[in-house]
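Peer 1: Sharing a structure, written as structure tokens. Questions coming.
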Amino acid sequence: MSLKTTFTGQKSDQTGSALLLTMIMSGVALAILAAAMAWSGSSSRLTYRSIQYTRSEAAAEGATEKVVAQITRDFLYGGESLVINNLNFYRQSTVPSTADSAYWSTWEFNDASGNTGQTFVQREISGNYVELDSIYAGLKGFVSTYTVVSHARDTASVQDVTAGVRQQVQLASIPIFQFAMYSSGDMEISCGQRFDATGRVHSNRNLYVEPDSFLTFESGVTAVVSNLFQRHPLDTRGPPAGGVVYVHPELKVSPVAALTLPIGTTNTPEAIREIIEPPPPGESASSPLGRLRYYNECDMVVVVSDAGVSAKSGNFDNFLTPIPTNELKVFVTTTNSFWDAREGKTVLPIDLNIGNLAAWSATNSSLRNLLIGSNLTSVYIVDNRTLPGTSLGAVRVFNGLILPTNGLTVATARPLYVLGDYNQTDPAHLGTTDTTTTRPASLVGDAITILSDAWQDGNSASLQGAAATTVNAAFLTGVVETTFGQYSGGMENFPRFLESWGPIIFTYNGSMVKMFPSLQATNVWNGINYSKHYYDPPKRNWAFDLNLNDPTKLPPKTPSLLKVVRSQWANVVPGQNAVP
Numbered sequence: 084m085s086l087k088t089t090f091t092g093q094k095s096d097q098t099g100s101a102l103l104l105t106m107i108m109s110g111v112a113l114a115i116l117a118a119a120m121a122w123s124g125s126s127s128r129l130t131y132r133s134i135q136y137t138r139s140e141a142a143a144e145g146a147t148e149k150v151v152a153q154i155t156r157d158f159l160y161g162g163e164s165l166v167i168n169n170l171n172f173y174r175q176s177t178v179p180s181t182a183d184s185a186y187w188s189t190w191e192f193n194d195a196s197g198n199t200g201q202t203f204v205q206r207e208i209s210g211n212y213v214e215l216d217s218i219y220a221g222l223k224g225f226v227s228t229y230t231v232v233s234h235a236r237d238t239a240s241v242q243d244v245t246a247g248v249r250q251q252v253q254l255a256s257i258p259i260f261q262f263a264m265y266s267s268g269d270m271e272i273s274c275g276q277r278f279d280a281t282g283r284v285h286s287n288r289n290l291y292v293e294p295d296s297f298l299t300f301e302s303g304v305t306a307v308v309s310n311l312f313q314r315h316p317l318d319t320r321g322p323p324a325g326g327v328v329y330v331h332p333e334l335k336v337s338p339v340a341a342l343t344l345p346i347g348t349t350n351t352p353e354a355i356r357e358i359i360e361p362p363p364p365g366e367s368a369s370s371p372l373g374r375l376r377y378y379n380e381c382d383m384v385v386v387v388s389d390a391g392v393s394a395k396s397g398n399f400d401n402f403l404t405p406i407p408t409n410e411l412k413v414f415v416t417t418t419n420s421f422w423d424a425r426e427g428k429t430v431l432p433i434d435l436n437i438g439n440l441a442a443w444s445a446t447n448s449s450l451r452n453l454l455i456g457s458n459l460t461s462v463y464i465v466d467n468r469t470l471p472g473t474s475l476g477a478v479r480v481f482n483g484l485i486l487p488t489n490g491l492t493v494a495t496a497r498p499l500y501v502l503g504d505y506n507q508t509d510p511a512h513l514g515t516t517d518t519t520t521t522r523p524a525s526l527v528g529d530a531i532t533i534l535s536d537a538w539q540d541g542n543s544a545s546l547q548g549a550a551a552t553t554v555n556a557a558f559l560t561g562v563v564e565t566t567f568g569q570y571s572g573g574m575e576n577f578p579r580f581l582e583s584w585g586p587i588i589f590t591y592n593g594s595m596v597k598m599f600p601s602l603q604a605t606n607v608w609n610g611i612n613y614s615k616h617y618y619d620p621p622k623r624n625w626a627f628d629l630n631l632n633d634p635t636k637l638p639p640k641t642p643s644l645l646k647v648v649r650s651q652w653a654n655v656v657p658g659q660n661a662v663p
């Protein structure tokens with residue numbers, strides 16, 4: 084018997100089906116692989132493009148930042164006129180380059196107007212007087228808006244990707260007399276009686292709040308460094324014994340950015356003092372500092388020397404027009420003297436009769452036809468006399484109830500004294516905070532001392548009794564700062580006094596700007612508890628003059644503090660630069 088082995092084969096239709104299925108599965112797999120590879124390639128390209136766009140955007144932003152930084156520097160250094168003069172420089176010479184870093188060797192920048200190697204820079208809005216944003220809300224300033232746009236691409240990139248960035252910055256010029264109290268350095272307030280600060284307060288360094296009575300801040304309070312409830316470190320008196328109230332605590336902010344003048348150098352108090360000094364020989368009146376010197380800005384410059392009194396037109400006429408001597412005698416005299424017990428010196432004042440000056444301004448033919456609006460609005464007084472070492476040269480304004488029609492600024496590098504009521508066309512408003520009938524006014528000098536309506540030069544060697552007096556004018560002046568063991572007197576004694584006031588009221592409406600150290604009137608403050616008793620403080624009826632919020636009512640030649648505000652940042656498509 085034999086064993087047989089039988090092999091059973093597949094049918095032909097089954098073999099064909101298996102092959103077909105294998106081919107289908109292989110095709111699907113290949114399709115999936117191809118799709119995956121295509122997706123991977125597309126994803127890589129998109130990822131690369133996204134990365135490259137981010138790089139291009141950053142490069143474009145860097146180009147705009149370079150321009151914004153240069154605009155900021157120029158504006159704070161020399162004001163907007165310097166920015167306007169440099170517009171073409173910003174456009175043509177500020178794109179990032181290999182001079183900045185080798186990284187930029189393959190980058191190309193354009194201004195979206197077909198100009199490679201340039202940046203779009205345009206002044207959009209100019210000189211609008213608007214309320215400012217941010218921490219200085221409530222302040223107003225003359226604001227110009229600048230637009231800066233750059234487009235960038237890396238020429239070495241595999242993909243040609245361009246990105247654009249647009250920035251806008253606001254250049255704000257803030258009239259300095261919008262502050263009830265402003266200090267270019269430290270500020271101290273150590274009131275011995277109730278004291279209300281009715282307007283904004285700002286210190287460009289530390290604010291030492293140290294009341295010995297009740298101090299109230301009714302508006303914003305800002306400090307560049309700190310707001311401190313304590314004495315100045317050099318003030319050796321005990322801790323403050325009073326209290327302080329911030330009516331709007333949300334407006335009490337520190338630290339904040341400094342508000343500075345465009346004087347072409349750092350804004351130290353010592354450097355700022357130059358704005359009240361005559362210019363040195365050879366200094367251009369159009370230099371940053373030259374443009375802010377009161378000497379260069381005022382309508383008339385009066386010079387008093389050993390040879391006599393002379394005057395000429397101000398910079399608007401290039402100092403070409405002399406004022407006849409016989410006309411000057413109507414409002415300038417140099418024959419008086421009085422004793423200043425704080426300084427311990429005899430003061431030899433250049434007396435300026437404001438009422439006579441206003442009358443002369445309204446009718447004279449030597450200066451009037453040169454002036455915009457015809458009326459004199461500003462006077463700068465130079466004292467070039469040779470004086471004994473025991474005397475003090477100064478300027479004194481008196482008969483100042485009625486100012487010239489468009490207001491008046493009186494400036495000098497000497498100490499300035501104010502005798503009697505100043506700037507009130509309606510005597511019924513004397514002694515009040517009603518300034519509806521005043522005229523724009525500022526007084527600028529090394530130090531400012533108030534002499535009441537009762538002051539008599541002949542009795543100045545003894546302590547005189549004061550009479551109620553009103554002064555409506557912004558003050559820009561200096562102080563003798565606190566030294567070890569010697570308090571400066573603070574903002575409550577910012578205007579100086581030489582009489583016994585006691586319950587008598589001194590009414591003041593204006594703005595007190597503490598700008599620099601006094602260099603002429605340099606003796607220290609002494610309060611009633613000190614050994615040198617030369618005055619008794621008045622009862623203070625002080626207020627920020629709300630007229631100073633109106634640009635048409637600012638004192639002539641008011642300086643402006645500068646601030647740069649970033650207002651917009653946006654991506655822009657290639658070829659776009661203007662604001663939509």
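Following the working numbering, the numbering of the sequence shown begins with 84 at its first residue and continues without gaps.
Think of the CB as a built atom: it goes at the ideal place given N, C-alpha and C, for glycine as much as any other residue.
1. Given that a residue counts as buried once 16 or more other Cβ atoms are within 10 Å of its Cβ, and exposed if not, what is S85?
2. Can you tell me where the beta strand (DSSP E) holding V244 begins and where it ends?
3. Decide yes or no for the touch test of the stretch 241–256 against the stretch 291–309: beta carbon pairs closer than 8 Å, at least 3 of them.
4. For the stretch 360–408, which segments carrying the alpha helix (DSSP H) assignment without a break, of at least 4 residues, lie completely within its bounds, in sequence order?
5. According to DSSP, is H285 helix, strand or coil?
6. Can you give me the C-alpha to C-alpha distance between Q539 and P600, rounded to a whole angstrom?
7. Reducing DSSP to helix, strand and coil, say where S643 ends up.
8. What's the call for S444, buried or exposed, on a 16-neighbour Cβ count within 10 Å?
9. If you measure from the CB of T495, is any heavy atom of the ligand MG nearer than 7 Å?
10. Taking just the CA atoms, how far does L502 sit from Y667?
11. Using the beta-carbon count (16 or more within 10 Å), is D529 buried or exposed?
12. Using 8 Å as the Cβ pair cut-off and three pairs as the minimum, do the stretch 559–570 and the stretch 379–396 touch?
13. Count the other CB atoms within 10 Å of the CB of T590; is the residue buried (16 or more) or exposed (fewer)?
14. Expressed to the nearest angstrom, what Euclidean distance is found between the alpha-carbon atoms of S650 and D157?
15. If you reduce the DSSP assignment to three classes, tell me which class A557 lands in.
16. Look at the alpha carbon of R249 and the alpha carbon of T521, and state the distance between them as a whole number of angstroms.
17. Cβ of L484 within 8 Å of Cβ of Q507?
18. Could you check where the alpha helix (DSSP H) with F172 kicks off and where it finishes?
19. If you drop the 5 nearest sequence neighbours on each side, which residues of the same chain put their C-beta closer than 7 Å to that of F90?
20. Following the continuous beta strand (DSSP E) through P666, name the residue where it begins and the one where it ends.
21. Just to confirm, is the Cβ distance from L644 to L342 under 8 Å?
22. Quick one: residues in its chain with C-beta nearer than 6 Å to the C-beta of L103, no 5 flanking neighbours on either side, listed in chain order?
23. So, with DSSP's three-state summary, where would you put A341?
24. How big is the Cα-Cα spacing for Y136 and N169?
25. Determine which residues share a DSSP beta bridge with L502 and list them.
26. Could you tell me if T305 is buried or exposed, where buried requires 16 or more neighbouring beta carbons within 10 angstroms of its beta carbon?
27. Since V493 and A557 should fall inside the 8 Å C-beta cutoff, what is the C-beta to C-beta distance between them, to a whole number of angstroms?
28. For Q253, count the other beta carbons within 10 Å of its own beta carbon; 16 or more makes it buried, fewer makes it exposed. Which is it?
29. Give the straight-line distance between the Cα atoms of C274 and P179, rounded to the nearest whole angstrom.
30. Considering only the alpha carbon of each residue, which of T495, T469, Q201 and G162 lies closest to R479?
31. For P332, does the three-state DSSP call read helix, strand or coil?
32. According to DSSP, is F297 part of a helix, a strand, or is it coil?
33. Closer than 8 Å by C-beta to V562: which residues in its own chain qualify, once you throw out the five before and the five after it? Chain order, please.
34. Just to confirm the assignment, what range does the alpha helix (DSSP H) spanning A354 have?
35. If I measure Cβ to Cβ from S209 and keep anything under 7 Å in the same chain, skipping five residues before and after, which residues do I get?
36. Candidates N419, I433, Q603 and P345: which alpha carbon is nearest G541's?
Peer 2: Walking through what the data contain:
1. At S85 the pLDDT is 48, less than 50, meaning the model places this residue with poor confidence; the figure from the coordinates comes in the next sentence. Exposed: under 16 other Cβ atoms inside 10 Å.
2. First-last for V244: undefined, no H or E at that position.
3. Proximity of the stretch 241–256 to the stretch 291–309 falls short of the contact definition, fewer than three beta-carbon pairs being nearer than 8 Å.
4. Scanning the stretch 360–408 from its first residue to its last, the whole alpha helix (DSSP H) runs of 4-plus residues come out as 377–380.
5. H285 sits in a strand when the DSSP states are folded into three classes.
6. Rounded to whole angstroms, Q539 and P600 show a C-alpha spacing of 29 Å.
7. DSSP places S643 in strand when its eight states are reduced to three.
8. The residue in question, S444, is buried, as its Cβ has 16 or more Cβ neighbours within 10 Å.
9. The ligand content of the structure shown is nil, which means the ligand MG is not present either.
10. There is simply no residue 667 to check, as the chain begins at 84 and stops at 663 in what is shown.
11. With at least 16 other beta carbons inside 10 angstroms of its own, D529 counts as buried.
12. Output reads no: the stretch 379–396 does not touch the stretch 559–570.
13. Looking at its Cβ environment, which holds 16 or more other Cβ atoms inside 10 Å, T590 is buried.
14. S650 and D157: Cα-Cα distance of roughly 18 Å.
15. Reduced to three states, the DSSP call for A557 is strand.
16. Straight-line Cα distance between these residues: approximately 46 Å.
17. Yes, Cβ-Cβ distance for L484 and Q507 is below 8 Å.
18. For F172, the enclosing alpha helix (DSSP H) begins and ends at L170 to S176.
19. Low confidence applies to F90: its pLDDT is 45, below 50, so where it sits in the model is not reliable, and the reading given next is rough at best. Nothing listed; no residue qualifies.
20. Absent from the model: residue 666. The displayed extent of the chain is 84 to 663, so no value can be given.
21. Yes, these two residues count as a Cβ contact at 8 Å.
22. Here the set comprises nothing.
23. DSSP places A341 in coil when its eight states are reduced to three.
24. When rounded, the separation of the alpha-carbon atoms in Y136 and N169 is 31 Å.
25. Secondary-structure assignment with DSSP links L502 through a beta bridge to L534.
26. With 16 or more other Cβ atoms from the protein chains shown falling within 10 Å of its own Cβ, T305 counts as buried.
27. Not confirmed; about 11 Å, so no contact.
28. Flag for Q253 reads buried.
29. Approximately 54 Å, taken between the alpha carbons.
30. The shortest Cα separation from R479 among T495, T469, Q201 and G162 belongs to T495.
31. The DSSP-derived three-state label of P332 is helix.
32. In the three-state DSSP reduction, F297 falls in the strand class (E or B).
33. Correct list, in chain order: A530, S571, G572, F577, K597, P600 and S601.
34. P352 to I355 is the extent of the alpha helix (DSSP H) around A354.
35. Closer than 7 Å at the Cβ level, and outside the excluded window around S209, lie S227.
36. By alpha-carbon distance to G541, the top candidate from N419, I433, Q603 and P345 is N419.
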